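What follows is one structure encoded as structure tokens, with my remarks underneath.
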Amino acid sequence: MTIRLRLTLWYTALLGTTLILFSVTVYSSLAANLRSQLEQSAATQARNIADAVIQQVQGDVVVIRTSADTVFFPQVELFASSFGAQLIDINGEVVKRSENLGDIPIPKQDGTLQHILAGDDDHYYFISQDGDAFLVYTVPLVINSEVVGAIQIIQSVTTAVTALTQVNRYLILGTAISIILAAIVGAFLARRALAPIDTITETASTITRTRDLGNRIDIPDNASEVGRLAGTFNDMLDRIQRLFQAQERLIGDVSHELRTPLTTIQGNVELMQRMAATPVGNGNIDLKAVAGLFQESLGEVQAESERMNKM
Numbered sequence: 038m039t040i041r042l043r044l045t046l047w048y049t050a051l052l053g054t055t056l057i058l059f060s061v062t063v064y065s066s067l068a069a070n071l072r073s074q075l076e077q078s079a080a081t082q083a084r085n086i087a088d089a090v091i092q093q094v095q096g097d098v099v100v101i102r103t104s105a106d107t108v109f110f111p112q113v114e115l116f117a118s119s120f121g122a123q124l125i126d127i128n129g130e131v132v133k134r135s136e137n138l139g140d141i142p143i144p145k146q147d148g149t150l151q152h153i154l155a156g157d158d159d160h161y162y163f164i165s166q167d168g169d170a171f172l173v174y175t176v177p178l179v180i181n182s183e184v185v186g187a188i189q190i191i192q193s194v195t196t197a198v199t200a201l202t203q204v205n206r207y208l209i210l211g212t213a214i215s216i217i218l219a220a221i222v223g224a225f226l227a228r229r230a231l232a233p234i235d236t237i238t239e240t241a242s243t244i245t246r247t248r249d250l251g252n253r254i255d256i257p258d259n260a261s262e263v264g265r266l267a268g269t270f271n272d273m274l275d276r277i278q279r280l281f282q283a284q285e286r287l288i289g290d291v292s293h294e295l296r297t298p299l300t301t302i303q304g305n306v307e308l309m310q311r312m313a314a315t316p317v318g319n320g321n322i323d324l325k326a327v328a329g330l331f332q333e334s335l336g337e338v339q340a341e342s343e344r345m346n347k348m
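Quick note, my numbering runs 37 ahead of the 1-based positions in the sequence shown.
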């Protein structure tokens with residue numbers, strides 16, 4: 038796996054994780070806030086109706102009788118038209134429903150009603166009927182410190198659920214698009230950031246292939262880490278080039294210095310070879326002269342050899 042791909046994956050994973058956490062936080066906060074608003078709205082309506090019942094607001098039918106009072110169920114439409122209500126007696130039976138509820142069945146939660154009718158605090162739950170969502174909020178109906186029943190508010194939350202679903206889709210789509218864009222941008226930035234390293238690699242390959250130490254890396258940003266690396270690489274090339282040039286000069290100087298003694302040695306050796314090839318019985322040869330020439334040639338060879346050793 039290349040460094041460019043690793044950087045792209047790390048960048049995408051980091052940004053993707055951040056976006057996912059952000060989306061989850063936004064959705065959770067929005068859902069909690071909306072749920073709290075719905076709960077408060079239903080609780081307010083339930084308590085208003087309970088207060089109206091307790092104050093014996095003029096309604097239509099007598100539904101509950103206690104030892105001391107007669108209780109009436111008020112018209113829900115006087116409070117709001119966006120929710121329905123029903124009155125439950127102490128036995129958990131529905132004795133009155135608001136007209137706007139129609140025939141919508143409200144599933145009972147026996148445990149909930151038992152706790153409410155026993156005097157516990159308010160309770161709510163959600164139900165779904167024919168594709169619509171409803172919030173059912175239940176409060177105890179207390180008259181003269183006696184729980185005589187319960188008020189249930191049934192409020193449609195379909196619009197809120199639809200809005201949350203839409204927000205969730207937008208967040209998922211936005212996060213997916215952002216991650217894709219992050220991958221593209223990350224790949225571009227990684228490629229741009231590592232381009233000088235590619236240049237260094239190409240320059241090194243060119244030098245290896247052509248043996249031309251005169252090539253240099255042109256990096257405009259000398260302040261970056263890659264720029265400093267390229268500068269160090271160029272300095273190394275300068276030093277290597279100077280060393281090669283010095284080596285070439287040394288080889289040239291040595292070759293020049295060795296050319297004269299080698300020529301002298303070669304000439305004397307050839308002379309001695311010719312003299313050695315001359316027949317000894319030839320009366321025209323002065324042996325003393327030949328011996329002197331041999332001695333002289335050997336002396337020159339020895340002198341040039343000593344000169345070469347001193348180089």
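We put the CB at the ideal spot given by N, CA and C, even for glycine. Keep in mind it's a predicted model, so treat the numbers as computed, not measured.
Quick one, which of the options has its alpha-carbon nearest residue i's?
i    : options                 : result
V204 : L335, S66 and L46       : S66
G139 : K145, Q166 and L274     : Q166
A50  : V90, L218 and V185      : L218
F270 : Y161, R279 and R253     : R253
I302 : A340, M38 and V198      : A340
G1   : E285, T212 and R286     : As displayed, the chain neither begins before 38 nor continues past 348, which places residue 1 out of reach and without an answer.
V90  : Y64, D157, V185 and T55 : V185
V263 : N128, A230 and R246     : A230
T248 : A69, I86 and L274       : The sequence as given places Arg at residue 248; Thr does not occur at that position. Looking at the Cα atoms, L274 is the closest of the given residues.
I180 : M38, A220, R246 and A87 : A87
L208 : Q282, T55 and M38       : T55
L150 : G129, F163 and Y162     : G129
A200 : P233, A232 and Y64      : Y64
Which same chain residues, not among the five before or five after residue i, have their C-beta less than 7 Å away from its C-beta?
i    : result
A227 : R41, L44 and T45
D169 : S193 and T195
I'd like the list of long-range same chain contacts for residue i, defined as Cβ closer than 8 Å, with 5 residues on each side in sequence excluded.
i    : result
A83  : A122, D159, Y174, T175, V176, I188, Q189 and I190
H152 : H160
L75  : L172, Q192, V194 and A197
I141 : G121, Q166, F171 and I191
Which term fits residue i, buried or exposed, when burial requires 16 or more other beta carbons within 10 angstroms of its beta carbon?
i    : result
A79  : buried
R206 : exposed
S182 : exposed
G289 : exposed
L287 : exposed
P144 : exposed
L58  : exposed
G336 : exposed
L210 : exposed
G304 : exposed
L178 : buried
M38  : exposed
L154 : buried
Where does residue i sit, in a helix, a strand or coil, going by DSSP?
i    : result
G289 : helix
L172 : strand
L14  : No answer is possible for residue 14: it lies beyond the span of the chain, which begins at 38 and ends at 348.
A130 : Residue identity differs from the one stated: residue 130 is Glu in this sequence, not Ala. Correct three-state label for E130: coil.
S193 : strand
G139 : coil
P144 : coil
G186 : strand
L124 : strand
S165 : strand
L52  : helix
G264 : helix
L178 : strand
In chain order, what residues of the same chain lie with their CB nearer than 6 Å to the CB of residue i, ignoring the 5 residues before and after it?
i    : result
Q349 : Because the chain spans 38 through 348 in this model, residue 349 falls outside it and cannot be assessed.
T238 : none
G71  : According to the sequence shown, residue 71 is Leu rather than Gly. Excluding positions up to five away in sequence, the list reads A197.
Can you list, in chain order, the stretches of the alpha helix (DSSP H) that have 4 or more residues and sit fully within the region 192 to 248? 195 to 247
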